[in-house]
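Participant: Sharing a structure here in structure tokens format.
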Amino acid sequence: RDADLSAIMGQWREVRKSTRLALVVLEAEPGYGKSRLAQEVTARVALDGGASVTTRSVSADRRQHLSGILSLARGGLVDVAGAAAAPPAALGALAHESSEWAERFPAAARVPSSQSLSGAVTEVLRVASAEQPLLLVFDDAQWLDDASLDQLEIIVRDLARASLLLLLTTTRESSSPRLAALRARIGRDVP
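FYI, in the working numbering the residues of the sequence shown are 14 to 204.
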């Protein structure tokens, strides 16, 4: 897996240097070590001064609207440096959806927010990646729900100039058309 690790870390260095988003899809058979490789990338990113948030999908997530994005928000995004600088509407939307955000930002939880969960996550990612380069790992992305994959497409579009690396691990037999569409963008309109 040295070649894979080297390629992913090369993308990380480009994200840091040029302040741009990159997308890596690690596609392999079950048992290849995709999760272990993602853990190694996460460790190296931390040593390089970056922050990371990892979420792992399960088969039941395919049936839960925005489960992947909500898992990202609950899975450590609240603790990323710079997240607190997000607009109040974004913090409020996340506080209404997640007890972790409500505990961290109790004032935001008390104020109604008209912002969507996906818009709130995008805003938090925007400000957090301005603070420090950011790695988002979506392990077992073949189980992501369609709404979360749609949101990842929006993130790729709206945060193209952010220091953000998206790493998705998936199996070769993934049948998600949205994941295939996202993967097809690599090398065309997204590094």
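Cβ atoms here follow ideal geometry from the backbone N, Cα and C, with glycine treated the same way.
Owing to the predicted nature of the structure, the values given are computational and were not obtained by experimental measurement.
1. Is it the case that the region 17-36 contacts the region 160-175, given that we only count it when at least three CB pairs across the two stretches are under 8 Å?
2. Compare the C-alpha of Lys30 against each of Ser111, Asp74 and Pro146 and name the closest.
3. If you follow the beta strand (DSSP E) that Glu40 is in, where does it begin and where does it stop?
4. Arg206 by DSSP, collapsed to three states: which one?
5. I need the DSSP call for Ala160, collapsed to helix, strand or coil.
6. Are Val91 and Glu113 touching if we call contact CB-CB under 8 Å?
7. Taking DSSP as the reference, what is the three-state secondary structure of Val66?
8. Flag this pair as yes or no: are the beta carbons of Ser65 and Val134 separated by less than 8 Å?
9. In the DSSP assignment, find the alpha helix (DSSP H) that holds Asp15 and state where it starts and stops.
10. Taking the alpha helix (DSSP H) that Thr55 falls in, what are its first and last residues?
11. If you compare alpha carbons, which of Ser126, Val28 and Ala41 is closest to Asp17?
12. Once the 5 residues before and after Leu195 are set aside, which same chain residues still bring their CB inside 7 Å of it?
13. Note the first and the last residue of the continuous alpha helix (DSSP H) segment covering Thr135.
14. Going by alpha carbons, who is nearest to Lys47 out of Arg26, Asp61, Ile21 and Val28?
15. Which residue from Pro190, Ala141, Ala103 and Leu104 puts its Cα closest to that of Leu178?
16. Tell me the DSSP secondary structure of Leu172 in three-state form.
17. Could you tell me whether the Cβ atoms of Thr68 and Asp152 are closer together than 8 Å?
Facilitator: If we stick to the structure as given:
1. yes
2. By one-based count along the sequence shown, residue 30 stands at place 17. The candidate whose alpha carbon is nearest that of Lys30 is Pro146.
3. Looking up residue 40 in the sequence shown gives position 27. Run containing Glu40: Ala35 to Glu40, per the beta strand (DSSP E) assignment.
4. This structure cannot settle anything about residue 206, because the visible part of the chain is limited to 14 through 204.
5. Translated into the one-based positions of the sequence shown, residue 160 becomes position 147. Residue state, collapsed to three classes: helix.
6. Position 78 of the sequence shown holds residue 91. Position 100 of the sequence shown holds residue 113. Yes.
7. For the purposes of this step, residue 66 is taken as residue 53 along the sequence shown, with counting starting at 1. Val66 falls in the strand class under three-state DSSP.
8. Walking along the sequence shown from the start, residue 65 turns up at place 52. Walking along the sequence shown from the start, residue 134 turns up at place 121. Not closer than 8 Å, so no.
9. For this step, residue 15 is matched to residue 2 along the sequence shown. Element bounds for Asp15: Asp15 to Ser31.
10. In the sequence shown, counting from the first residue as 1, residue 55 sits at position 42. Lys47 to Leu60 is the span of the alpha helix (DSSP H), which, as asked, contains Thr55.
11. Position 4 of the sequence shown, counted from the first residue, corresponds to residue 17. Of the candidates Ser126, Val28 and Ala41, the one whose C-alpha sits nearest the C-alpha of Asp17 is Ala41.
12. Position 182 of the sequence shown, counted from the first residue, corresponds to residue 195. Only Leu162, Leu165 and Glu166 meet the Cβ criterion.
13. Locating residue 135 in the sequence shown gives position 122, counting from the first residue. Per DSSP, Thr135 belongs to the alpha helix (DSSP H) from Leu130 to Glu144.
14. Working through the sequence shown from its first residue, we reach residue 47 at position 34. Measuring from the Cα of Lys47, the nearest candidate turns out to be Ile21.
15. Locating residue 178 in the sequence shown gives position 165, counting from the first residue. Taking only the C-alpha atoms, the option nearest Leu178 is Ala141.
16. Your numbering for residue 172 matches position 159 in the sequence shown. Correct three-state label for Leu172: coil.
17. Taking the first residue of the sequence shown as position 1, residue 68 is located at position 55. Taking the first residue of the sequence shown as position 1, residue 152 is located at position 139. In this structure, Asp152 lies closer than 8 Å to Thr68 by Cβ.
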